[in-house]
Amino acid sequence: MSSDVTSLIDRYCAVWNEPDADSRKELLEAVWAERATYTDPRADIVGADELLVHIASIRMSRPGATIVRTTSVDLHHGVARFGWRVVEADGTPLPEGLDIAELSPDGKRIARIIGFFGPMVAI
Numbered sequence: 044m045s046s047d048v049t050s051l052i053d054r055y056c057a058v059w060n061e062p063d064a065d066s067r068k069e070l071l072e073a074v075w076a077e078r079a080t081y082t083d084p085r086a087d088i089v090g091a092d093e094l095l096v097h098i099a100s101i102r103m104s105r106p107g108a109t110i111v112r113t114t115s116v117d118l119h120h121g122v123a124r125f126g127w128r129v130v131e132a133d134g135t136p137l138p139e140g141l142d143i144a145e146l147s148p149d150g151k152r153i154a155r156i157i158g159f160f161g162p163m164v165a166i
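Add 43 to a position in the sequence shown, counting from 1, and you land on the number used in our numbering.
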C-alpha cells in the first residue's frame, strides 16, 4: 500500500511541475478526489478547478521552478506526510515545506492537502 501512496504523491507533485495547462488538468484529475481541498498559509481552495488556477499562478510567478519531494512518504490511517521544496529554474533550492495528505476512503486519490512552508523548528 505505501508504494501506491508514494506513487500517488509523486503524481500529485508532477501536477505542479507540468507546464501545459491541459496536461496539468488531466494529471490532477487522476489523483484529486471530487471536492478535495488544498490549504496552505496563502490559500484555502476547494475543488480541482480552483487548485488548477492556483497552480497556474504559482507557475507564472516562478517560471521554470519545480517541486521536488525531499523525504519518503510516511503513512498511517489514510493520512500521509511528505517533505518537499521548490527548486528555482536556475537550480536554487528554496526552504523545505511539509504537506499532509488525507486520502480518499479507497486510498487512490487525495481528498485533502494541508501544506506548511519552511522547515520544522525545534522548541
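For glycine and all other residues, C-beta sits at the position ideal for the given N, C-alpha and C.
{"query": "Label Arg67 either buried or exposed according to how many other C-beta atoms from any shown protein chain fall within 10 Å of its C-beta, with 16 as the threshold for buried.", "result": "buried"}
{"query": "Could you tell me which residues DSSP pairs with Asp83 in its beta bridges?", "result": "Ala86"}
{"query": "Using DSSP with H/G/I as helix, E/B as strand and the rest coil, what is His119?", "result": "strand"}
{"query": "For the beta strand (DSSP E) holding Ile153, just list the boundary residues, first then last.", "result": "153 to 160"}
{"query": "Is the CB-CB distance between Trp59 and Arg152 below 8 Å?", "result": "no"}
{"query": "Out of Ile110, Ile88, Ala86, point me to the one whose CA is closest to Ser127's CA.", "result": "Per the sequence shown, the amino acid found at residue 127 is Trp instead of Ser. If we check each option's Cα against that of Trp127, Ile110 comes out closest."}
{"query": "Give the straight-line distance between the Cα atoms of His120 and Gly158, rounded to the nearest whole angstrom.", "result": "19 Å"}
{"query": "Could you pull the DSSP bridge partners for Thr109 from this structure?", "result": "Val130"}
{"query": "So, are the CB atoms of Glu145 and Val129 less than 8 Å apart?", "result": "no"}
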